[in-house]
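Trainee:
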Amino acid sequence: MPVLFLDIDGVLCTPRSTRLDWLLRRPIDRPSLDPLALHRLGRLVRRAGAQVVLSSSWRYGFDSEDPPVRRILQNLSSVLAAHGAPLDGIAPVLGLSKGEEIAAWLADAPAGPYAILDDRADEFTAAPQLRPHLVLVDSRYGLRRRDCRQALALLGRNF
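The opening position of the sequence shown corresponds to residue 35 in the numbering used here, with each subsequent residue numbered one higher.
#1: Could you check if ASP68 is buried or exposed, using at least 16 other CB atoms within 10 Å of its CB as the buried criterion?
#2: Who are the near neighbours of ALA80 in its chain, counting only those whose CB is closer than 6 Å to its CB and skipping five residues on each side?
#3: Looking only at its chain, what residues have a beta carbon closer than 8 Å to the beta carbon of VAL169, apart from the 5 residues adjacent to it on each side?
#4: LEU121 to ALA161, Cα distance in whole Å?
#5: Find out if the Cβ-Cβ distance for the pair PHE39, ILE106 is shorter than 9 Å.
#6: What's the gap between the Cα of ALA84 and the Cα of LEU72?
#7: With 16 as the cutoff for other CB atoms within 10 Å, does VAL87 come out buried or exposed?
#8: Residues bridged to ARG123 by DSSP?
#9: Give the single residue among LEU164, VAL45, ARG154 whose Cα lies nearest to the Cα of GLU134.
#10: Which residues in the same chain have their Cβ closer than 6 Å to the Cβ of ALA145, if we skip the five residues on either side of it in sequence?
#11: In angstroms with no decimal places, state the Cα-to-Cα distance between LEU173 and ARG77.
#12: Using DSSP's beta-bridge definition, name the partner residues of ASP172.
#13: State the DSSP-derived secondary structure class of PRO150, mapped to helix, strand or coil.
#14: Return helix, strand or coil for LEU186, following the three-state DSSP convention.
#15: According to DSSP, simplified to helix, strand and coil, what is LEU107?
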């Protein structure tokens, strides 16, 4: 099954979502996610038939006992699922670079085709074998149509 590794900041959290939060005065425990990027992500996941694996630094909070952090992550999971992109897994937290942690996940759970949505290429310096699978998202805009086209191509699907 195709796998989509998902970063949050810069991919789904964008300047647009931050402005919306401020304008709508959203509570702090609601994730600041860009509605356009969320729509595109859901469409991408459905078209690709992909599993979503969280590779974002947001995954560090999943072990937290802090109630506000738990609420934020529960809200994140709910919002992703509501948009057709439920979380199927979380990349391990090993104290390494994000690329090395994704490589460790792939070694433990071999996947079919995969794509990595992230806004930081420097996270993959220590795992150069993953670079061809990286869809580098511009954090000023978040997930765009061209990013989805690139991810679908990596996952062996058409847009």
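We treat Cβ as the ideally placed atom computed from N, Cα and C, and that holds for glycine.
Mentor: Looking at the coordinates:
#1: Counting from one through the sequence shown, the residue named residue 68 turns up at place 34. With 16 or more other Cβ atoms within 10 Å, it is buried.
#2: One-based indexing of the sequence shown puts residue 80 at position 46. The residue you asked about is not Ala; residue 80 is Arg in the sequence shown. Sequence-distant partners of ARG80 (beyond 5 residues in either direction) whose C-beta falls short of 6 Å from its own C-beta, in its chain, are GLY118.
#3: Position 135 of the sequence shown, counting from 1, holds the residue named residue 169. Within the same chain, ALA149, ILE150, LEU151, ASP152, ASP181, GLN184, ALA185, LEU188 come within 8 Å of VAL169 by CB-CB distance, once the 5 residues on both sides are set aside.
#4: By 1-based counting over the sequence shown, the position of residue 121 is 87. By 1-based counting over the sequence shown, the position of residue 161 is 127. C-alpha separation (whole angstroms): 23 Å.
#5: Here residue 39 corresponds to residue number 5 of the sequence shown, with the count starting at 1. Here residue 106 corresponds to residue number 72 of the sequence shown, with the count starting at 1. Between PHE39 and ILE106, the C-beta gap is not smaller than 9 Å, which leaves the two residues out of contact.
#6: By 1-based counting over the sequence shown, the position of residue 84 is 50. By 1-based counting over the sequence shown, the position of residue 72 is 38. About 15 Å.
#7: If you number the sequence shown from 1, residue 87 lands on position 53. Answer is buried; the Cβ neighbour count reaches 16.
#8: As a first step, residue 123 is located in the sequence shown; it is residue number 89 there, counting from the start. One point to set straight first is that residue 123 is Gly, not Arg, in the sequence displayed. In DSSP, GLY123 forms a bridge with VAL87.
#9: Position 100 of the sequence shown holds residue 134. GLU134 has its Cα closest to that of LEU164, out of LEU164, VAL45, ARG154.
#10: Sequence index remark: in the sequence shown, residue 145 carries index 111 (1-based). Only residues of its own chain outside the window of five on either side were considered, and among them VAL37 have a CB closer than 6 Å to the CB of ALA145, listed in chain order.
#11: Working through the sequence shown from its first residue, we reach residue 173 at position 139. Working through the sequence shown from its first residue, we reach residue 77 at position 43. A small fix is needed here, since residue 173 is Ser in this sequence, not Leu. In a straight line, the C-alpha of SER173 is about 20 Å away from that of ARG77.
#12: Along the sequence shown, read from residue 1 onward, the residue named residue 172 stands at position 138. In DSSP, ASP172 forms no bridge with anything.
#13: Counting from one through the sequence shown, the residue named residue 150 turns up at place 116. The sequence shown places Ile at residue 150, rather than the Pro named in the question. Correct three-state label for ILE150: strand.
#14: For the purposes of this step, residue 186 is taken as residue 152 along the sequence shown, with counting starting at 1. In the structure shown, LEU186 sits in a helix (DSSP, three-state: H, G or I).
#15: What you label residue 107 is simply residue 73 of the sequence shown in a count that begins at 1. Three-state DSSP puts LEU107 in a helix.
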